[in-house]
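Participant: Let me give you the structure first, and then I'll get to my questions.
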Amino acid sequence: MSWFSNFLTSSIGRKVIMSLTGLFLITFLVIHLIGNLQLLNPDDGMSFNIYAYFMTHNPLIKTVSYLLYASILIHAVQGWMLWSKNRKARGGQRYAVKNTRAVGTNSFAASNMGWLGTIIFIFLVIHMYQFWLQMKLGNTPMVTYDGNEVKDLYTIVADAYSNIGYVIFYVVSMVVVAYHLLHGFQSAFQTLGLNHRKYTPFIKGVGLVYSILIPLGFAIIPLYMYFMMQ
Amino acid sequence: MSLDGKVPSGSLAEKWTRYRGTMNLVAPNNKRRIEVIVVGTGLAGASAAATLGELGYKVKCFTFHDSPRRAHSIAAQGGINAAKNYQNDGDSVYRLFYDTIKGGDYRSREANVHRLAEVSRNIIDQAVAQGVPFAREYGGLLANRSFGGVQVSRTFYARGQTGQQLLLGAYQSLSRQISLGNVEMYNRHEMMDVVMIDGKARGIIARNLLTGELQRHAGHCVVLATGGYGNVFYLSTNAMMSNTTAAWRATRKGAYMANPCFTQIHPTCIPQSGDYQSKLTLMSESLRNDGRVWVPRSKEDAKAIQEGRKTANDIPDADRYYYLEERYPAFGNLVPRDVASRAAKVACDDGLGVAPTGLAVYLDFASAIERYGKSAANSKGIHNPDAAMITKLGEAVVEEKYGNLFEMYEKITGENPYKMPMKIYPAVHYTMGGLWVDYNLETNIPGLFAIGECNFSDHGANRLGASALMQGLADGYFVLPYTIGQFLSHEIRTPMFDSNTAEFEAAEKAVQERLEGFMNVKGSQSVESFHRRLGKIMWEYCGMARNAEGLQKARTMIKELREEFYKDVFVPGGMNDYNPELEKAHRVADFIELGELMVVDALDRNESCGGHFREEYKTEEGEALRDDANYTYVSAWEYTGWDTDPVLHKEELTFENVELKTRSYK
Amino acid sequence: MKLTLKIWRQKSPKDKGRFETYQVEANPHMSFLEMLDVLNEELISKKEEPVAFEHDCREGICGTCGLVIDGQPHGPSQGTTTCQLHMRHYKDGDTIVIEPYRGSAFPVFKDLAVDRSAFDRIIQAGGYISVNTGQAQDGNAIPIEKEQSARAFDAAACIGCGACVAACPNASAMLFVSAKASHLALLPQGEVESKRRAQAMVKQMDLEGFGMCSNVTACEAECPKEISVENIARLNREFLSSTLGTEVKVG
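As given, the protein sequences belong to chains H, R and D, one line each in that order.
Residues are numbered in this note's numbering as their position in the first sequence, beginning at 1, plus a constant of 1030.
Residues are numbered in this note's numbering as their position in the second sequence, beginning at 1, plus a constant of 8.
Quick note: the third sequence, position 47, residue 36 per this note's numbering, numbers continuous.
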């Protein structure tokens, strides 16, 4: 396995791990968003609660979810390691004048991925604590549809989103996610070596649209629920 | 006293092949025990060190740069000649040989030049194999262009960065040998002296430029590949650190300096803009393929341009004097460098110059843009294109060919050369003179070799464009690695040298004292100011045109300058750390002494040939007038010290294969 | 024009270093380094030690010069080395901050001069084509597509100045390494050993203590030869395929 461990500890190998876990998380975001949009169904949360039940009971999805947790952790831990190594490579003495320019990517996002990622991680911890952990610990009220009793996750969510503080926190976090994706999306392809004069502009275009639409979709939900459903 | 160039016997075309086949060899097991010191990592040095390493010698290689890749070969733009005849335009080894001999105004050694033409072909193959991205045609085969002084297309090029790509090829080969342990590389180490033991060169004293430490390095022989001395003029196209110290230290140890007055003034450089200027920038000669050189026909127009009342575009075609095309119809804008430079000087001396200083001529691409534009329109199937379309298409073609040069011009001058003709003026570029070497590239000191621009060998009194890269690589890849065996085959019983001998000790002490000497003057003038003054003297009296009176005067001035230098120079900093001023000080001290020798040589040569133009010796039309009866020799100078006259040794040049003719490019 | 310069002065690698402020009278036609020459001449005339900075060809090709000027390696002009930067880009009264390259793999040894020998060691690790003198076949034996050759050239234009490392927030050397790896891999004669080369060069790069590429692209933005980050993708690709494919031995 020496070739494998060499690869994993090489600079490019580490980046490839970031890229692959990142791409996996990007894919997950779409599914997550589709699910969350059920919250907007005017059915008092039934479709959302059924969706949540399905997600927590389908064996395939359960397996994938462990992969997801692992990806998040690997992406975060590896990211912090890269961040710290890169700071060390930069050296103790910093530039007195900082002026980072970039080509074809957002230079603010590109040079602050560590900070952006850390904020997202904090968001995730809170997010998980608030919804996922509550659900797992069984502190959730139950609701019955067609004789099946399922956890009423909807009520928890609706509760949370009636608090303006949470709403603002979620929306701001989504802006951070947007920036993280703005660089991360195309960067993942570049790291895998997928750069082509013809197709890279397309990847960048999709990345731009994606990094705006997905966080926007997520952000709309609490806003909608706060302003329209009370 | 007459010198023997050790040219092997046999017919010209067979000399090298036969010699190579009968030369003494060193067996592989012995090579491992022989140490070769190579100083310099330009095209010649890097290629030689790499090749010697490949052959199995133990090589120690030195450069004063932070990396071997920085050597000034990197700045060569235009290309490299080779007698491949890929264009089927009548080129051959003989023609390249003949062009080089003729271009050099019949002051080079026939046998060396023929060998150069022969191996030129191998260089291209070698470079391609190393990954040098030469320009190619659509069919995937190598492209060529033509250069000054020849009528065939034999110049291979890599955009305007041929020197860079060739040097990187050699540098990469050298790097490979370093990684294999065959070459030990010493970056930031400057050679301060040659060490002689029993009359043979056996090592060097080097200075670590970061710590100031003096080091002794012993070897079975020493190869100098330390470039030319164009910076004796202060302003030249050479890099700021290019210097003569290694060659001059060898001269002071008894090596002969040959033809030092043969310096090449390149016709197409960006003119000087002020006194603060630190160097001049070359615009590749390849530009003369498409650029037309002109000045206004009338002094009034020239004056108006100089004073900024008119621009080039205000002068109608009829009032433009395309002096190269008119004076030399056969070669036109592609006359050799010396001819083009002198013609520019004549035009400016006549008051026709175009910059505020009056020291510039135009290099105009308008006709080329129009010609290319029309042909591009035609090939795109655009009929009756308008002028704007032609210009647009033409500019695109010109950009593809010379884009990086145009960009460089604009960066430096702030003017757009697509819209306004370039302003150019001649500048010192290359030195044909250098250490005297025989056919083996060995100096008169046994075991001391000189290759590349550092030696005097192949270019006579004038070098043709795209031949410097050819010679540097020929010497390094294909000549020295063989001929060095002629010396080393007698050294297989010589054990590795110990540097703890009296000779090394004495040499190190002398270097130490010399450097302390500079530090201890504690005068009031900077090293740079002396260099600038030396440059002015050399340019004024030993530049594009020389005469006996001026040269005499220059000699006196140089003597005074030297005296003042040792009395009043100020070197800041310390001896034991990184101190560029101290480096400059000893280099400038050497330049001053070499400058005097150049003047002495120019005074001795009572003729005009190639880059050496003595105003007393010219035809009625103002062309150079050679004196073959009295000066068909190489002047090899033995330096005997500052207070005595150098001794001239002549190597008579015999021409068995070409007839000496007056060079005519008309 | 009168300028205020804030220049990093550091006596030795161990010295802590600090900024010093100088006034200098420049002329718009001067190059940036000529402006520093003027300053140094003044310092020398006052018997002070001149500012150490590295430079050589002064025509933008040797790669020796490289200063960080107002936070940008080689200063504000696109595709320009420090030596090719001219004072006409500044105006009277400007203040210019001049710093050395920063990076653990590029230690400062005096004032504005840094040690870039790590680059040499990376090339020694594999940045070459293994061919001995005399082994070559005819130059026209392998036709190479013009476009392909041009792409190889674009990568080969690297001057090894290190601005990419200086510009990168991570001090990564990927643009330098990938430019050489791409130049050689794009040519049929160099493609032969491209896998081994990619592994060897990356290994050495990691050993030298450069940071890891996070595709910020500041390297391309500041590269005086405008070398593209698509070379980095190509190296990533070479590295991945050589990792996943048949094992290559790297010494």
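Backbone N, C-alpha and C define an ideal beta-carbon position, used for all residues, glycine too.
Mind pulling the alpha helix (DSSP H) runs of 4 or more residues that sit fully within the stretch 507 to 581 of chain R?
Facilitator: 510 to 529, 535 to 550, 556 to 576
Participant: Answer yes or no: does any C-beta atom of chain R fall closer than 7 Å to that of A187 (chain D)?
Facilitator: no
Participant: Report the residues of the stretch 54 to 73 of chain D with a CB closer than 7 Å to any CB of chain H, ordered along the chain.
Facilitator: V57, D59, G60, Q61
Participant: Give me the chain R residues within the contact set of R47 (chain D), using Cβ-Cβ distance strictly less than 8 Å, ordered along the chain.
Facilitator: Within 8 Å Cβ-Cβ: A247, M248, S286, K287, T289.
Participant: Indicate the three-state DSSP secondary structure (helix, strand or coil) for I58 (chain D) in the structure shown.
Facilitator: Per DSSP, reduced to three states, the secondary structure at I58 (chain D) is strand.
Participant: Are the Cβ atoms of I133 (chain D) and G148 (chain R) separated by less than 7 Å?
Facilitator: yes
Participant: Give the interface partners of T25 (chain R) over in chain D, defined as CB-CB distance under 7 Å, in chain order.
Facilitator: Think of a sphere of 7 Å around the beta carbon of T25 (chain R): no beta carbon from chain D falls inside it, the nearest being about 14 Å out.
Participant: Please classify C677 (chain R): does DSSP put it in a helix, a strand, or coil?
Facilitator: Only positions 9 to 674 of chain R appear in this structure, which leaves residue 677 (chain R) out of reach.
Participant: Tell me whether A610 (chain R) sits in a helix, a strand or coil according to DSSP, three-state version.
Facilitator: helix
Participant: In terms of alpha-carbon separation, which member of R:N251, R:A58, R:N32 lies closest to T439 (chain R)?
Facilitator: R:N251
Participant: Check whether chain R comes within 7 Å of K3 (chain D), counting only Cβ atoms and requiring the distance to be less than that.
Facilitator: no
Participant: Taking a cut of 8 Å between CB atoms, which residues from the stretch 166 to 192 of chain D lie near chain R?
Facilitator: H172, L173, L176, Q178, G179
Participant: In the DSSP assignment, the alpha helix (DSSP H) including W645 (chain R) goes from what residue to what residue?
Facilitator: Premise fails: W645 (chain R) lies in the beta strand (DSSP E), 641 to 646, not in any alpha helix (DSSP H).
Participant: For the candidate residues H:T1039, H:V1060, H:G1134, whose alpha-carbon lies nearest to that of N1225 (chain H)?
Facilitator: H:G1134
Participant: So L449 (chain R) and V158 (chain R) are in contact, right, with Cβ under 8 Å, and what is the actual spacing, rounded?
Facilitator: A Cβ-Cβ separation of about 25 Å leaves L449 (chain R) out of contact with V158 (chain R) under the 8 Å criterion.
Participant: Identify the residues that DSSP records as bridge partners of L371 (chain R): which are they?
Facilitator: In DSSP, L371 (chain R) forms a bridge with R:V301, R:M430.
Participant: Does DSSP put N424 (chain R) in a helix, a strand or coil?
Facilitator: coil
Participant: Can you give the Cα-Cα distance for C356 (chain R) and T1230 (chain H), rounded to whole angstroms?
Facilitator: 54 Å
Participant: Name, going along the chain, the residues of the stretch 583 to 616 of chain R whose beta-carbon falls closer than 8 Å to a beta-carbon of chain D.
Facilitator: D585, Y586, P588, E589
Participant: Where DSSP assigns a beta bridge to M1172 (chain H), which residues make up the other side?
Facilitator: H:K1181
Participant: For G92 (chain D), return the contacting residues in chain H, with the cut-off set at a CB-CB distance below 8 Å.
Facilitator: A1119, R1120, G1121
Participant: If you check the beta carbons only, do W(-3) (chain D) and P89 (chain D) fall under 7 Å apart?
Facilitator: Contact annotation: W(-3) (chain D) and P89 (chain D) have beta-carbon atoms nearer than 7 Å.
Participant: If you scan the stretch 45 to 88 of chain R from start to end, which runs of the alpha helix (DSSP H) of 4 or more residues do you find wholly inside it?
Facilitator: 51 to 63
Participant: So what does DSSP say about A435 (chain R), is it helix, strand or coil?
Facilitator: strand
Participant: Which bits of chain H does G151 (chain D) rub up against, with CB to CB less than 9 Å?
Facilitator: Think of a sphere of 9 Å around the beta carbon of G151 (chain D): no beta carbon from chain H falls inside it, the nearest being about 13 Å out.
Participant: Quick one: what does DSSP say R26 (chain R) is sitting in, helix, strand or coil?
Facilitator: helix
Participant: Let me know if T678 (chain R) comes out buried or exposed under the rule of 16 or more other beta-carbons within 10 Å of its beta-carbon.
Facilitator: Residue coverage of chain R in this structure runs from 9 to 674, which leaves residue 678 (chain R) outside it and unanswerable.
Participant: With respect to the alpha helix (DSSP H) encompassing L25 (chain D), which residues constitute its N-terminal and C-terminal limits?
Facilitator: 21 to 34
Participant: Quick check on the DSSP output: the beta strand (DSSP E) that includes H225 (chain R) runs from which residue to which?
Facilitator: 222 to 226
Participant: So is T71 (chain R) in contact with chain D if we call contact Cβ pairs under 7 Å?
Facilitator: no
Participant: Shortest alpha-carbon distance to N130 (chain R) belongs to which of R:E118, R:A119, R:N267, R:I88?
Facilitator: R:I88
Participant: Comparing the C-beta of M1204 (chain H) with each C-beta of chain D, is any distance below 7 Å?
Facilitator: No - not a single Cβ of chain D is within 7 Å of the one on M1204 (chain H).
Participant: Looking at C-alpha atoms only, which residue of D:E9, D:C150, D:I216 is the closest neighbour of A107 (chain D)?
Facilitator: Ranked by how close their Cα comes to the Cα of A107 (chain D), the residues D:E9, D:C150, D:I216 have D:C150 in first place.
Participant: Pair every Cβ in the stretch 1172 to 1189 of chain H with every Cβ in the stretch 1081 to 1088 of chain H, then say whether three or more of these pairs are closer than 8 Å.
Facilitator: yes
Participant: Under 7 Å, CB to CB, which of the residues in the stretch 110 to 121 of chain D have a partner in chain R?
Facilitator: I112, Q113, A114, G116, Y117, I118, S119, V120, N121
Participant: Hey, out of H:Y1209, H:V1197, H:A1139, whose CA is closest to V205 (chain D)'s CA?
Facilitator: H:A1139
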